[in-house]
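A.B. asks: Here it is, the structure in full.
Protein chains: 2
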Amino acid sequence: MNSKITSSQRALEIILDQTKKFDIEKVDFTNSLGRTLKEDIVADRDFPPFDRVSMDGIALVSNTFNKGRRAFKIEGVQAAGSKQLSLNNSENCMEAMTGAVLPKNTDVVIQYELLDIKNGIVNVNTEDIKDFQNIHKKGLDRKEGDILITKDTIISSAEIGVLATVGKSQVTVAKQPKVMIISTGNELVEVDQMPKDYQIRRSNVYTLISLLKRLNINAVSSHILDDKENLKTKIKSYLKEYDVLLFSGAVSKGKFDFIPEVLDELGVDKLFHRVSQRPGKPFWFGKKQNKTIFAFPGNPVSTFVSCMKYFYPWFQKSTGVDFANNKFAVLAEDFTFKPDLTYFLQVKIENRKGTVYATPVKGKGSGDLANLIDADAFLELTADRNEFKEGEVFPYFNYRSS
Amino acid sequence: MNSKITSSQRALEIILDQTKKFDIEKVDFTNSLGRTLKEDIVADRDFPPFDRVSMDGIALVSNTFNKGRRAFKIEGVQAAGSKQLSLNNSENCMEAMTGAVLPKNTDVVIQYELLDIKNGIVNVNTEDIKDFQNIHKKGLDRKEGDILITKDTIISSAEIGVLATVGKSQVTVAKQPKVMIISTGNELVEVDQMPKDYQIRRSNVYTLISLLKRLNINAVSSHILDDKENLKTKIKSYLKEYDVLLFSGAVSKGKFDFIPEVLDELGVDKLFHRVSQRPGKPFWFGKKQNKTIFAFPGNPVSTFVSCMKYFYPWFQKSTGVDFANNKFAVLAEDFTFKPDLTYFLQVKIENRKGTVYATPVKGKGSGDLANLIDADAFLELTADRNEFKEGEVFPYFNYRSS
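Chains as they are written, first to last, in our numbering: chain F, 11 to 412; chain X, 11 to 412.
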């Protein structure tokens, strides 16, 4: 019964060995924010696609200007979105607008700020022009065929703009896994119900749903009472229908903690049970063929931190993103934690002059969800010692978006 | 024509003077992630609501244990979610599960790890017990009536869990503004169309829609051709229907840059036009009664950075959040920028041992959207000097979620 305990680091390694290669799907590019791109995005034409006027003003022939002419008759207006016009007389000019094609036979644009215009004649108040001044040359930014965005990029607003520009109205992204979040425990009632004296409301599944929403996963949830046969029937069907099961509760040593037993009977391979961490020690992890099962302890804070520490990287790596937690913070005051466990300390995060500081938030116990309101993140303190000094650096998991 | 130019700092002050007090609305708490809470959330009962067993084991009477007894007959099992049982004989014990109510007449729980159980008799392998060991006392975390979450908090997964716990299935949040995003420019075609030689695809509105999606705003968009009367008719109707108009383009000095003129004719007060910044100099901002108008320049990078620098704080403050950009990064290498303008430098962001470094990404011009793919953020360099040294600290605007 007293199964071997796994270190937090080893637990993560085991989980990252079990990542999947998610399927791909096409989505409308306007729905692709936050998704992982699964194709290279290529320039369909040069960027800019033509010699583009980049300031409003007049287009003229530099050679004429360099010979000394400063007054130019306006032949016409080259508007953005109009076909390219031609300057007929090299002694004249053409008004040209930002975004327009540079008129044929011209090679320089002088901005309105340097001009006086009267009765169709422009007087230029400058003696200096540069080659191709105010012209964004065709292909200067990118050439047709250049790769603009590589596969496995997480799509931000920057990528959305580029997808639009190259006409990728449909884009190939990693398909999201189908995730079922399951709570157990006869003490739980629904959020809109009034609990009896010995009951509490379901909260962990909603925390998990919202944590997965940050990854753009729309998870569903279910509650199963602590009845072994019932659990077995339901979990069996969920294992068929979903890619990932996330449990909250019933993995500890209680008489009604049936999850490990039921999963075993259903042929799920246990990869570890119990991790040397606080909170979240009874964490159970396993797989069955291409299904992955994270069974988190029922303590609300355990569930919360375990999802960020273990499910997030499993998901990211499965979409093809080379995941590493790359957020580190400086401990702002000394802290002592005696047990030989990895400790996820609740902290306030503050950026002071470019350095990220983590200040411990005094809690009232690992199960106190309300305490998380005063914090921003979990700071991961290593298991190998008891004393953590102000100024030392540790990884952190931020659950606030800012 | 050469209107006075406004500093970036002053522009932000003017905008923050024009923030609104958004209406409130009730939403299902499962849809409240990222929204701003507009009510205090109060504990509807004590947390925990009863003396809660926090480890699986046996509940017994400490006095009996302290008198020397180490073997206890099991009277029954107190399960989580069951009514409180009573221990009848103070020499016996009751099995008690995590999450259960502490059985009546008991005051301590000893975990299974310290027990041997045979034929209904428990032998306890410890000499030490603490008062109320493994019992999470009623009201220890929070008392009924305590404020758990204060108004004006942005709802994260931590708040979702607390809302569920106290039964707030419906929650009052700041109502999102109705936002219309308008592109102009005859050179623009839709994303799924093939542009002619002198055309490009619409991209700025999609960038803006995605930037607003990060704030949980579902904006709509429209395209208007560069025809003054048409612009006037459409903008007039949008001013009635929407709270905020965001324009991209037609605010510069071009012959078809009708926006400032049309807005003026429609009775919109100009609060500034032109900001001493790069990119984004022609930025125009105004208001009409309770409507707010941000008219960004058409250059894709201008639109992008101006939305984050100006619209984001306007929105946050309007929801009631005391907004301050509190992200700062250390410039990782020397950088020179000569013009007397605030410069939004495109940078890669990296957290090295708790300090955030910003490394400039070499660009090919302010309009090069593809360049943003290689960067993560804009670093805001002050207008008052030309030389920026490695190690100096500046605010930044990150458009990647990580």
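Each residue gets a CB set at the ideal place from its N, CA and C atoms; glycine is no exception. These figures come from a predicted structure and were not determined experimentally.
Tell me, please, whether the CB atom of F/Glu-275 is closer than 9 Å to any CB atom in chain X?
C.D. replies: Not an interface residue.
A.B. asks: Cα-Cα, which of F/Lys-147, F/Phe-404, F/Arg-80 and F/Gly-130 is closest to F/Thr-365?
C.D. replies: Comparing Cα-Cα distances from F/Thr-365 to each of F/Lys-147, F/Phe-404, F/Arg-80 and F/Gly-130, the minimum goes to F/Phe-404.
A.B. asks: Rounded to the nearest angstrom, how far is the Cβ of F/Asn-214 from that of F/Gly-308, given a contact under 8 Å?
C.D. replies: Indeed, because the Cβ distance is near 7 Å, the residues count as touching under 8 Å.
A.B. asks: Could you tell me which chain F residues have their CB closer than 7 Å to the CB of X/Glu-105, listed as they occur along the chain?
C.D. replies: Simply Lys-265.
A.B. asks: Compare the beta carbon distance of X/Met-190 and X/Ser-258 with 9 Å and say whether it is the shorter of the two.
C.D. replies: Contact flag unset, no.
A.B. asks: Does the distance from the C-beta atom of F/Ala-334 to that of F/Val-357 stay below 9 Å?
C.D. replies: No, the Cβ-Cβ distance between F/Ala-334 and F/Val-357 is not below 9 Å.
A.B. asks: For F/Lys-185, which option in F/Asn-228, F/Arg-211, F/Thr-175 and F/Glu-154 has the closest C-alpha, if you only look at C-alpha atoms?
C.D. replies: Of the candidates F/Asn-228, F/Arg-211, F/Thr-175 and F/Glu-154, the one whose C-alpha sits nearest the C-alpha of F/Lys-185 is F/Asn-228.
A.B. asks: Is DSSP giving F/Glu-397 helix, strand or coil here?
C.D. replies: Correct three-state label for F/Glu-397: strand.
A.B. asks: Have a look at F/Lys-265 and X/Gly-86 and give me their C-alpha separation to the nearest angstrom.
C.D. replies: Roughly 12 Å separates the two Cα atoms.
A.B. asks: Taking the Cβ atom as the reference point for each residue, do F/Ala-387 and F/Tyr-367 lie within a distance shorter than 9 Å?
C.D. replies: Not in contact: F/Ala-387 and F/Tyr-367 (Cβ atoms no closer than 9 Å).
A.B. asks: Among residues of its own chain, excluding the 5 on either side of X/Ala-6, which ones have a beta-carbon nearer than 7 Å to its beta-carbon?
C.D. replies: The structure shown has nothing for residue 6 of chain X, since chain X only spans 11 to 412.
A.B. asks: Kindly give me the distance between the Cβ atoms of X/Gly-109 and F/Gly-195, rounded to whole angstroms, as I take these residues to be in contact under 8 Å.
C.D. replies: Right, their Cβ atoms sit about 6 Å apart.
A.B. asks: Report the three-state DSSP secondary structure of X/Met-11 (helix, strand or coil).
C.D. replies: Below a pLDDT of 50, predicted positions are generally treated as unreliable, and X/Met-11, at 38, falls in that range; the measurement from the model is reported next regardless. It is coil, neither helix nor strand.
A.B. asks: Please check if any C-beta of chain F sits within less than 9 Å of the C-beta of X/Gly-91.
C.D. replies: It does: the Cβ of X/Gly-91 has a partner Cβ on chain F nearer than 9 Å.
A.B. asks: Just checking: is the beta-carbon of X/Leu-256 within a distance shorter than 9 Å of some beta-carbon in chain F?
C.D. replies: False, the Cβ-Cβ gap to chain F never drops below 9 Å.
A.B. asks: Whose C-beta lies closer than 7 Å to the C-beta of X/His-146 among residues of the same chain, with five residues either side of it excluded?
C.D. replies: So the qualifying residues of the chain are Pro-58, Arg-62 and Ser-64.
A.B. asks: Listing by chain order, which chain F residues have their CB less than 8 Å from the CB of X/Val-355?
C.D. replies: One detail in the question is off: residue 355 of chain X reads as Leu in this sequence, not Val. Under the 8 Å cutoff, chain F gives no residues; its nearest Cβ is about 15 Å from X/Leu-355.
A.B. asks: Along chain F, which residues have their Cβ under 7 Å away from the Cβ of X/Gln-94?
C.D. replies: What X/Gln-94 touches in chain F: Tyr-208.
A.B. asks: Quick check on this structure: which residue in F/Leu-391, F/Val-315, F/Asn-361 and F/Met-318 has the alpha carbon closest to the alpha carbon of F/Asp-350?
C.D. replies: The residue with the shortest Cα to Cα distance from F/Asp-350 is F/Leu-391.
A.B. asks: Once the 5 residues before and after X/Lys-178 are set aside, which same chain residues still bring their CB inside 8 Å of it?
C.D. replies: Once the five neighbours on either side are set aside, the close Cβ partners of X/Lys-178 are Phe-39 and Ile-51.
A.B. asks: Would you decide whether X/Ile-120 is buried or exposed? Buried here means 16 or more other CB atoms lie within 10 Å of its CB.
C.D. replies: Label assigned to X/Ile-120: buried.
A.B. asks: Below 8 Å CB to CB, which residues in the same chain sit around F/Thr-116 once its five sequence neighbours on both sides are set aside?
C.D. replies: Excluding positions up to five away in sequence, the list reads Ala-69, Leu-70, Val-71, Leu-97, Cys-103, Met-104 and Ala-106.
A.B. asks: Mapping DSSP to helix, strand and coil, what is F/Gly-78?
C.D. replies: If DSSP states are grouped into helix, strand and coil, F/Gly-78 belongs with coil.
A.B. asks: Residues of chain X with CB under 7 Å from F/Ala-380, in chain order?
C.D. replies: Those within 7 Å of F/Ala-380 in chain X are Phe-57, Asp-151, Arg-152, Leu-158 and Val-172.
A.B. asks: Kindly indicate if chain X contains any beta-carbon less than 9 Å away from that of F/Arg-395.
C.D. replies: For F/Arg-395, the answer is no, since every Cβ of chain X falls outside 9 Å of its Cβ.
A.B. asks: Are there 16 or more other CB atoms within 10 angstroms of the CB of F/Arg-20, so buried, or fewer, so exposed?
C.D. replies: Exposed, because fewer than 16 other Cβ atoms sit within 10 Å of the Cβ of F/Arg-20.
A.B. asks: According to DSSP, which residues form a beta bridge with F/Asp-126?
C.D. replies: DSSP output for F/Asp-126 lists F/Asn-133 as bridge partner(s).
A.B. asks: Quick check: what's the CA-CA separation for F/Asn-300 versus F/Pro-187?
C.D. replies: Answer to the nearest angstrom: the Cα atoms are 11 Å apart.
A.B. asks: Is there a C-beta anywhere in chain F that falls below 9 Å from the one on X/Pro-219?
C.D. replies: According to the sequence displayed, residue 219 of chain X carries Ile and not Pro. Chain F, which has a Cβ nearer than 9 Å to the Cβ of X/Ile-219, makes this yes.
A.B. asks: Short of 8 Å Cβ to Cβ, which residues in the stretch 293-320 of chain F face chain X?
C.D. replies: Answer set for the stretch 293-320 of chain F: Gly-308, Pro-310 and Phe-314.
A.B. asks: Figure out for me which residue from X/Gly-290, X/Val-254, X/Lys-30 and X/Lys-114 has the closest Cα to the Cα of X/Asn-99.
C.D. replies: Answer by Cα proximity: X/Lys-114.
A.B. asks: Comparing the C-beta of X/Asp-344 with each C-beta of chain F, is any distance below 9 Å?
C.D. replies: No - not a single Cβ of chain F is within 9 Å of the one on X/Asp-344.
A.B. asks: Just verifying my parser: in three-state terms, what is the DSSP assignment at X/Pro-370?
C.D. replies: DSSP places X/Pro-370 in strand when its eight states are reduced to three.
A.B. asks: Check whether the stretch 240-259 of chain X and the stretch 308-322 of chain X touch, using three or more Cβ-Cβ pairs below 8 Å as the test.
C.D. replies: Yes: at least three Cβ pairs fall under 8 Å.
A.B. asks: If I'm right that F/Leu-218 touches F/Cys-317 with Cβ under 8 Å, what's the distance once you round it to whole angstroms?
C.D. replies: About 6 Å; that satisfies the 8 Å criterion.
A.B. asks: Taking the CB atoms as reference points, tell me whether X/Val-331 and X/Val-181 lie closer together than 9 Å.
C.D. replies: Their beta carbons are not under 9 Å apart, which means X/Val-331 does not touch X/Val-181 by this criterion.
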